[in-house]
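Notes to accompany the following structure.
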Amino acid sequence: MDLSLSASECRLLRHLALADMPYSDQDATPVAVRGLDGEQMQDDVRSLAWKGMVAAEGGSLSLTPLGAAAHYAAEVELLSARLVDVSVLADELERLTPSLAREMHAVRQVAEGAWPLEQAMRYGSGKNAADAD
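This note's numbering puts the sequence shown at residues -15 to 117.
Structure representation (structure tokens):
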């Protein structure tokens, strides 16, 4: 079974990860309030229900355990890509402004999960730099 998700399906899963939502083919108000497209949402609900990721019961739409797992996996992928972007930006800023090498090294260490923020702040400011490595 293909579990790949479209952008609109990811958006719907993100909303449902926060809370179940009222759902009816006749009332588009709950959908519109959340900034979702009514027609697209109907397609997404059908697709996600077929994949076993959402359940539409009793006038309510909710995530299934598979839907929650898919949502969090997509979030992890998105956040991982964002952290790579932060590291790439730090590399570029260091290249453009070599005087920022110490600070950009600290940013990369936080982005890679090697250092906690407090350690990077100390290193970046030059305080207790010996214990940062």
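Backbone N, C-alpha and C define an ideal beta-carbon position, used for all residues, glycine too. Remember, it's a predicted structure, so these values are computed and weren't measured experimentally.
Residue(s) in a DSSP beta bridge with residue i
i: residue -8; result: None, per the DSSP bridge assignment.
i: residue 6; result: 44
i: residue 94; result: BP columns for residue 94 are empty, so no partner.
i: residue 39; result: 46
Neighbour-count burial assignment, residue i, 16 or more Cβ in a 10 Å radius
i: residue 16; result: exposed
i: residue 2; result: exposed
i: residue 108; result: buried
i: residue -11; result: buried
i: residue 28; result: buried
i: residue 34; result: exposed
i: residue 38; result: buried
i: residue 95; result: buried
i: residue 57; result: exposed
Nearest-angstrom Cβ-Cβ length linking residue i and residue j, presumed shorter than 8 Å
i: residue 54; j: residue -3; result: 6 Å
i: residue 77; j: residue 88; result: 6 Å
i: residue 26; j: residue -8; result: Actually they are not in contact, since the Cβ atoms of residue 26 and residue -8 sit about 11 Å apart, beyond 8 Å.
i: residue 4; j: residue 44; result: 5 Å
Of the listed residues the options, nearest to residue i (C-alpha basis)
i: residue 103; options: 90, 96, 95; result: 90
i: residue 42; options: 94, 98, -7, 6; result: 6
i: residue 31; options: 18, 73, 61, 51; result: 51
i: residue -1; options: 9, 10, 33, 46; result: 46
i: residue 72; options: 93, 28, 106, 33; result: 93
i: residue 20; options: -6, 36, 60, 63; result: -6
Residue i beta carbon near the ligand NAP (any heavy atom closer than 8 Å)
i: residue 81; result: Ligands are entirely absent from the displayed structure, and the ligand NAP is therefore not among its contents.
*Any chance the stretch 79 to 86 sits against the stretch 61 to 71, with 3 or more Cβ pairs inside 8 Å?*
no
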